[in-house]
Ligand SMILES: Nc1ncnc2c1ncn2[C@@H]1O[C@H](COP(=O)(O)OP(=O)(O)OP(=O)(O)O)[C@@H](O)[C@H]1O
Ligand SMILES: Nc1ncnc2c1ncn2[C@@H]1O[C@H](COP(=O)(O)OP(=O)(O)OP(=O)(O)O)[C@@H](O)[C@H]1O
Ligand code: SF4
Ligand code: SF4
Ligand SMILES: [Mg+2]
Ligand SMILES: [Mg+2]
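Protein chains in written order, with this note's numbering: chain A, 1 to 330; chain B, 331 to 660.
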C-alpha cells in the first residue's frame, strides 16, 4: 500500500466579509461570514496526482493556500508526512518548506518582472538555504531550463521576453529548483491556449514520472483533470461532494452535481449533442442554501435534502455526500 | 454558396508602426449563409477579434482595414460613411462581448437600455418597445422578466447579465450576431446555458452567428462550420464534423490532438513544438512552416492560399495540385 504524503482533516476556512464597523452600526447590519472551505478531508498518496475541480468560488485556491501554509485554517489541519503544516518560521517548518512548492495560474503575476530568469529560478534554492555555491546554483539553473524545454541562454533574459507558455515553463523550473516532493498546481494552464496547454501538461507528467513528484492539481476544466489525475475531488460551495478514482468518476459519476458538471462540459467528441437543461446558478456563498447546498439546483432533491446536511457515503472508489446516493435512489 | 448573408473578401487589417505596418489579419476570405453559425477558433493573437470588429465596423484605431471588402446581403459595408455604418451597427449586425459589463450601462435599468435600443432601430411606441423588451428577457430565460426588467445590471448575476446582453443584441432584430468569447468569463455550469440560449434564439429569428472562441468543444456542439485561424490567416474552413473527424491542415491536426477530451483517455497530448510567431516576426512562406512536421521547400518560400477540398478549404501546399502532380511529398 502506498503511503499518504498529505493528510487533510476537517479543513475549514471562514472569511469575515462584514462591512466596516461604522457602516454596520449605521445600516444596523450583523457581521457576515463566508465559509470558503467547509470541513474538507482527503489524502494524497506519494507519487499520485489528486485533482480538485469546482466552479469559480468553490474554494479551490483557498484549499491550495492552506495546504502550503500561505493561509491558516479556521479549523482542521494539514499534515505533510505526518507533520503539521504551520505558518510560522520555526526550524521544523523551514525544513518542511523545502519539500513542497506551488505553481500559480498566472504566469505573468508570479514572476518578478525586474529579475532575470536565472535569479527567479534560483530564488527557492537560496531562500531555503539549499545551495550556496554560486557555480552550483548556475549549473542547476541551466539544467532546470533545459529540463523544462528552454535553453540555458534563456537564463539571462527577463520574463517579458517570453510567451505565456514559456513563462509557465519558467514558473515550473522555479518550483522544481528546490527539489520538492510535492507541488500544488493552481490552474497552471488556465491562462494558456490549448496547444500551449498540451505542452505544459505533457511536461508536468514527464517530470512526475522522472522525479516521482506528487501533485495536487487544481482546475475547473474536467477534460484537463481527466488527463492529469489519478483521483478527483469535486467541490461545491466549499465542500467536497464527491471523491473518486478518475476512471470511475467519468464512467459512473454518483453525485448529482458531478453529473451536472460532466454534462455541461462542451466536448469535441460530442458534436451535435443535446445538453440536459441545467437549472440555476451557484448561490451566494455568504448565505448558502440549507441542508444540502446543492438542493435548489438538484433534480433529485427532496424534503430531507432541504433540511439535513448530507454525510459522505462510501462509493466504489471514494465517497459521495448525497442523501439520494445513501438512500439508494440515485 | 447561393446569396451569402455576409462575404469577407481579401480582408487585410494593419497597425501602422514606426517600422512600417504590421499585418494582423492577412487576406481573409469567407462567406456566411443566412441562419448559419460559423465558429472561429485559433490561439490568442490569431486575429479572431480583429476580424469580428472589422465586420462590425468597430475596429479601434490605429488598427485599420488596409484592403479587402466586406459585403452584407449584396451591399458593400466597409467603405460606408460613418453615419451609414452606425445605422448598420446594432441594427443589422450586433455584438456580444466576453464581459457583459462592457455592453451594459451600470447607470440605467435593463428596461431603459432595451427600450432605447429597440426604439433607436425600430419604429415602435414606448409601450410596444417595453412589451417587446419583456418578451426578449423572457426568451433568453430571465425569470419574472416583467418585474426584473426595472432592475439595474449589478442586481443580476454574471450568467443572467450575459442573458440580458444577448437580449440586447437581439433587440433590433439583427441579421448577424457576432459573439466574441461570450462565455469565457462565466462558470462552467452556466456556459452551456448561455450557448444554448444564444443558439436557440438566433435560430428562431433566422439570425446568422459568428462565434469566436478558444474552445473547440463549444464550436463542436454549436456551429455548422468552423474557421481555424493561425497567425492572421484562415488555415482551414469547413463543416465542423468534417474538420473534427478529419483535419487536413497540419496546424488543425495538431490543434485537435492537443485538446484533452472527456471521451477518451490519452497518455500524451499531441504537442505542436514552438509557438505562434509575433506580428513583426512572421516567417516567409507558410506562417506555420517552422512548426510544421510536414513542411517542404515550397512552404518556406510561398504563402499558400485556401485550396478547395470537397466541402472545405485548406491553406496548405500539401493539397496543391501542381505540388501533388510533381510528387514532391513523401
Ligand atoms: N481573502 C478573502 N476574503 C474574503 N473572501 C474570500 C477571500 N479569499 C477567497 N474568498 C472567498 O472564498 C470563496 C472561495 O474562493 P477561492 O478563491 O478559493 O475559489 P476558487 O475555487 O479558487 O475559485 P476560482 O475558480 O475563481 O479561482 C469565494 O467565495 C471567495 O470570494
Ligand atoms: N491596438 C493594437 N496595436 C497593435 N497590435 C494589436 C492591437 N490590437 C491587436 N493587435 C494585434 O493583432 C493581433 C490579433 O489580435 P486579436 O485581438 O484579433 O487576436 P485574437 O485572435 O482575438 O486573440 P485572443 O484569443 O487573445 O482574443 C495580435 O497579435 C494583437 O497583438
Ligand atoms: S443530497 Fe439531495 S439535493 Fe443534495 S445532491 Fe443529493 S439528492 Fe440532490
Ligand atoms: S503549407 Fe507546408 S508548412 Fe504550411 S502547413 Fe502545409 S505543409 Fe506545413
Ligand atoms: Mg482559484
Ligand atoms: Mg480576441
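Note that CB positions come from ideal geometry on N, CA and C, so glycine has one too.
Asked, Found
"For residue 321 (chain A), the three-state DSSP class (helix, strand or coil)", "strand"
"Any non-hydrogen atom of ligand 8 closer than 7 Å to residue 619 (chain B) Cβ", "This structure simply doesn't include ligand 8; it includes ligand 1, ligand 2, ligand 3, ligand 4, ligand 5 and ligand 6 instead."
"Residue 634 (chain B) (DSSP reduced to helix, strand or coil)", "coil"
"Cβ contact (3+ pairs, closer than 8 Å) linking the segment 492-509 of chain B and the segment 415-424 of chain B", "yes"
"Helix, strand or coil at residue 515 (chain B) according to DSSP, with G and I counted as helix", "coil"
"Pairwise C-alpha distance: residue 62 (chain A) and residue 39 (chain A)", "13 Å"
"Any chain D beta carbon closer than 8 Å to residue 546 (chain B)", "Among the protein chains in the structure shown, which are A and B, there is no chain D."
"As assigned by DSSP and simplified to three states, the class of residue 538 (chain B)", "strand"
"C-beta contact flag for residue 14 (chain A) and residue 74 (chain A) at 8 Å", "yes"
"Continuous beta strand (DSSP E) stretch holding residue 398 (chain B): start and end", "394-402"
"Any 3 or more C-beta pairs closer than 8 Å across the segment 603-617 of chain B and the segment 215-232 of chain A", "no"
"Under the three-state DSSP convention, the category residue 431 (chain B) falls into", "helix"
"Cutoff 8 Å: residue 551 (chain B) Cβ touching any chain A Cβ", "yes"
"Nearest-angstrom Cα separation, counted from residue 385 (chain B) out to residue 195 (chain A)", "27 Å"
"By C-beta, the residues closer than 5 Å to any heavy atom of ligand 3, given in chain order", "A:256, A:292, A:294, A:295, A:298, A:300, A:301, A:305, A:310, A:322, A:323, A:324"
"Bounding residues of the alpha helix (DSSP H) (the contiguous stretch that carries residue 463 (chain B))", "456-469"
"Residue 364 (chain B), DSSP secondary structure in three states", "coil"
"Contact test: residue 7 (chain A) Cβ vs ligand 5 heavy atom, cutoff 7 Å", "no"
"Chain A within 8 Å of residue 522 (chain B), Cβ atoms only", "yes"
"For residue 639 (chain B), three-class secondary structure by DSSP", "strand"
"CB contact below 8 Å: residue 497 (chain B) versus chain A", "no"
"Contact test: residue 380 (chain B) Cβ vs ligand 2 heavy atom, cutoff 7 Å", "yes"
"Residues near residue 292 (chain A) by beta carbon distance below 6 Å, same chain, minus five either side", "305, 310"
"Any chain B beta carbon closer than 8 Å to residue 88 (chain A)", "no"
"Alpha-carbon to alpha-carbon, residue 362 (chain B) and residue 481 (chain B)", "37 Å"
"is_contact[residue 600 (chain B), chain A] using C-beta, thresh 8 Å", "yes"
"Three-state class that DSSP yields for residue 2 (chain A) in the structure shown", "coil"
"Collapsed DSSP secondary structure at residue 578 (chain B) in the structure displayed", "coil"
"Alpha-carbon spacing of residue 28 (chain A) relative to residue 78 (chain A), whole angstroms", "38 Å"
"Per DSSP, cross-strand counterpart(s) of residue 150 (chain A)", "DSSP lists no partner for residue 150 (chain A)."
"Any heavy atom of ligand 1 nearer than 6 Å to the CB - residues listed", "A:15, A:17, A:34, A:36, A:54, A:56, A:57, A:58, A:59, A:60, A:61, A:62, A:220, A:285"
"Other residues of its chain near residue 113 (chain A): CB distance less than 8 Å, five sequence neighbours each side excluded", "158, 159, 160"
"Check whether residue 53 (chain A) and residue 11 (chain A) have beta carbons under 8 Å apart", "no"
"Residue 266 (chain A) at chain B interface by Cβ criterion, 8 Å", "yes"
"heavy atom of ligand 2 below 7 Å from residue 402 (chain B) C-beta", "no"
"Per-residue contacts from residue 61 (chain A) into chain B (C-beta, under 9 Å)", "Correct list: empty, because the minimum Cβ distance to chain B is about 15 Å."
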